[in-house]
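Numbered according to the numbering used here, the sequence shown spans residues 9 to 232. Data block below; observations after.
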Amino acid sequence: MITRILILVPALILGGCQSSKPVEPFPPKPDLPYRAWYVGLGAPDYMEAWVDGVDLIDVNDLMYERVFGGIASTSTPPNNQGDARGWPERPGPGSSFPMSGVDLPEKITVRWQSLAEPEAYRASFYVSDETRAEMIKPRPTYCAWRDAHVTHYLNIIAIGVAPGGVVKAWLVGPCLDPIEIAHVQGEINPVGPYNGESNGEFYRPPSPNAQHYIDTHGIPFGSW
């Protein structure tokens with residue numbers, strides 16, 4: 009099977025397509041009950057990460073490169089008041105970005121820099137038919153902060169990246185219980201940070217609060 013490759017940039021999708029038969033210059037419009045689904049990025053407390061890029065293949069076998077990246081959402085409270093061990097019971101969307109005009113995913117790959125170590129990793133996980141069905145299922149719920157009964161969707165794929173190359177992913181949505189959809193062990197990216205384009209330079213050292221936690225408690229490998 010030949011995968012057609014598209015690069016997503018703000019407001020435009022530029023298609024460089026390869027196929028044995030003619031294809032449209034733009035992908036088909038997704039048939040979804042909302043304008044867009046989202047990719048979110050997060051990391052455990054103090055375990056700061058820079059995401060070099062998120063790539064995905066959708067259900068139409070179209071590949072989108074570098075749809076999102078940047079700082080993964082994390083918390084670094086002062087005086088070691090946080091806890092880097094494990095994941096939250098109710099993970100949030102993290103730093104998120106809409107996948108406008110992109111159909112639901114079949115495979116997601118994330119490349120990131122674990123600033124706490126530092127090390128560069130990459131990992132992939134598949135999104136099952138059952139997971140995609142959950143993403144388009146309307147869910148009546150009560151939102152306490154709005155004091156209202158509403159209907160929402162689990163249309164955010166929240167991706168957590170951790171030291172040691174661990175990735176965990178959930179479906180999340182406003183006022184809804186999350187559903188875990190993936191927990192995988194990645195690998196060291198052999199070309200290094202920035203996919204080999206920085207001569208081995210990482211994004212930056214850990215922030216002062218993060219470094220203080222690491223100096224005091226170390227990195228809790230195995231807890232994620």
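C-beta: ideal position from N, C-alpha, C; glycine also.
So residue i and residue j are in contact, right, with Cβ under 8 Å, and what is the actual spacing, rounded?
i: Arg74; j: Asp66; result: That pair is no contact at about 15 Å.
i: Ala124; j: Ile196; result: Ala124 to Ile196, Cβ: 15 Å. No contact.
i: Ile167; j: Ala177; result: 5 Å
i: Trp158; j: Cys183; result: A small fix is needed here, since residue 158 is Val in this sequence, not Trp. Contact flag correct, Cβ pair sits at about 7 Å.
Determine the burial state of residue i: buried for a count of at least 16 other Cβ atoms within 10 Å of its Cβ, exposed for fewer.
i: Pro216; result: exposed
i: Thr84; result: buried
i: Val135; result: buried
i: Asp39; result: exposed
i: Asp111; result: buried
i: Thr224; result: exposed
i: Trp153; result: exposed
i: Glu56; result: buried
i: Pro36; result: exposed
i: Asp60; result: buried
i: Ala141; result: exposed
i: Ala44; result: exposed
i: Val47; result: buried
i: Glu205; result: exposed
Using a beta-carbon distance below 8 Å, is residue i in contact with chain C?
i: Gly168; result: Chain labels in this structure do not include chain C; a single protein chain is all it has.
State the start and end residues of the unbroken alpha helix (DSSP H) segment that holds residue i.
i: Pro113; result: Pro113 -> not in any alpha helix (DSSP H); beta strand (DSSP E) instead, spanning Pro113 to Ser122.
i: Arg140; result: Asp137 to Met143
i: Tyr221; result: Pro216 to His225
Mapping DSSP to helix, strand and coil, what is residue i?
i: Tyr46; result: strand
i: Gly77; result: strand
i: Glu125; result: coil
i: Pro101; result: coil
i: Thr82; result: coil
i: Pro201; result: helix
i: Ala57; result: strand
i: Pro30; result: Here Pro30 scores only 44 on pLDDT, less than 50, and its place in the model should not be relied on; the value that follows carries that caveat. The answer is coil: DSSP assigns Pro30 none of H, G, I, E or B.
i: Asn207; result: coil
Would you mind reading off the limits of the beta strand (DSSP E) that contains residue i?
i: Thr159; result: Ala156 to His160
i: Tyr150; result: Arg147 to Cys151
Run through the DSSP bridge pairs and tell me what residue i is partnered with.
i: Gln193; result: Val174
i: Pro106; result: Tyr46
i: Leu179; result: Ile165 and Ile187
i: Phe133; result: Ile116
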